[in-house]
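> The structure that follows is given in the form of structure tokens.
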Amino acid sequence: DSGVTQTPKHLITATGQRVTLRCSPRSGDLSVYWYQQSLDQGLQFLIHYYNGEERAKGNILERFSAQQFPDLHSELNLSSLELGDSALYFCASRPGQTDSPLHFGNGTRLTVT
Amino acid sequence: GQQVMQIPQYQHVQEGEDFTTYCNSSTTLSNIQWYKQRPGGHPVFLIQLVKSGEVKKQKRLTFQFGEAKKNSSLHITATQTTDVGTYFCAGRVGTGANNLFFGTGTRLTVIP
């Protein structure tokens, strides 16, 4: 158990809809990262938050947004969903902005029909 | 775009054979981390390399960081079925950046 909790585990929704993915980092971790993993693909970096502030953006679509709350949990909002958004979305956390290892949650599998 | 590439993308080996995956970056990396993702699972941290030319071993796994800090490799000696999974390298690109770029991954299949 990595200590990182992601909910829900599975999500099935229709095109055009909006969903919210939730992540609770390990206790004490201030940094939260979001990654997208499409079928048989690598991990695409989406966004990084540190202590409530956005610190880096990767290949995140404008239809996607995220935030980190004062209690350090984070949410990834995906809107106007398209079939191609179907993927596994991972959240990972680490203590700070140092190069300590990332601890991944079990992911949320999103299926857009 | 993708800044860290891995080869091969897939590798099938007979149990007992060796396996190597290579990671290449277009830019100098501050450090490199390796992760393993079992089928249906999430990436799990294996090791971090920081120094130029660094070599680290974990039982049958040997990790190397290139002299120029632009490439790295993971070698598994005498593979076992428990080694099945996808191996990712991940590098921090540039000083001051906090985002970790993952390689494309190498999926290892071990045939008993």
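Line order of the protein sequences matches chains A and B. Just so we're aligned, residue 9 is where the first sequence starts under the working numbering, counting upward by one. Just so we're aligned, residue 7 is where the second sequence starts under the working numbering, counting upward by one. The beta-carbon is built from N, C-alpha and C at its ideal position, and this holds for glycine as well. Keep in mind it's a predicted model, so treat the numbers as computed, not measured.
Decide if residue 87 of chain B is buried, meaning its Cβ has at least 16 other Cβ atoms within 10 Å, or exposed.
exposed
> What does residue 106 of chain B reach in chain A if we use C-beta pairs closer than 8 Å?
41, 53 and 110
> Considering only C-alpha positions, which residue in the set B:57, B:99, B:81 and B:106 is nearest to residue 114 of chain B?
Among B:57, B:99, B:81 and B:106, the Cα nearest to that of residue 114 of chain B is on B:81.
> Below 7 Å CB to CB, which residues in the same chain sit around residue 16 of chain A once its five sequence neighbours on both sides are set aside?
116
> Can you pull the chain B neighbours of residue 98 of chain A, defined as C-beta to C-beta under 8 Å?
48 and 49
> Spatial neighbours of residue 19 of chain A within its chain, please: C-beta separation below 8 Å, excluding the five flanking residues on both sides.
27, 29, 116, 117, 118 and 119
> With distances taken Cα to Cα, identify the nearest neighbour of residue 32 of chain B among B:20, B:60 and B:76.
B:76
> What residues are listed by DSSP as bridge partners for residue 18 of chain B?
Paired residue(s): B:115.
> Taking just the CA atoms, how far does residue 90 of chain B sit from residue 44 of chain B?
7 Å
> Comparing the C-beta of residue 98 of chain B with each C-beta of chain A, is any distance below 8 Å?
Using a Cβ-Cβ cut-off of 8 Å, residue 98 of chain B counts as an interface residue toward chain A, since at least one Cβ of chain A sits closer than that to its own.
> What number of angstroms, rounded off, separates the C-alpha of residue 69 of chain B from the C-alpha of residue 109 of chain B?
15 Å
> I'd like to confirm the pairing. Which residues does DSSP put opposite residue 25 of chain B in its beta bridges?
B:82
> Take residue 74 of chain B and list the residues in its own chain whose beta-carbon comes closer than 8 Å to its own, dropping the five residues that flank it on each side.
Correct list, in chain order: 34 and 58.
> Which residues in chain A have a C-beta closer than 7 Å to the C-beta of residue 37 of chain B? List them in chain order.
107
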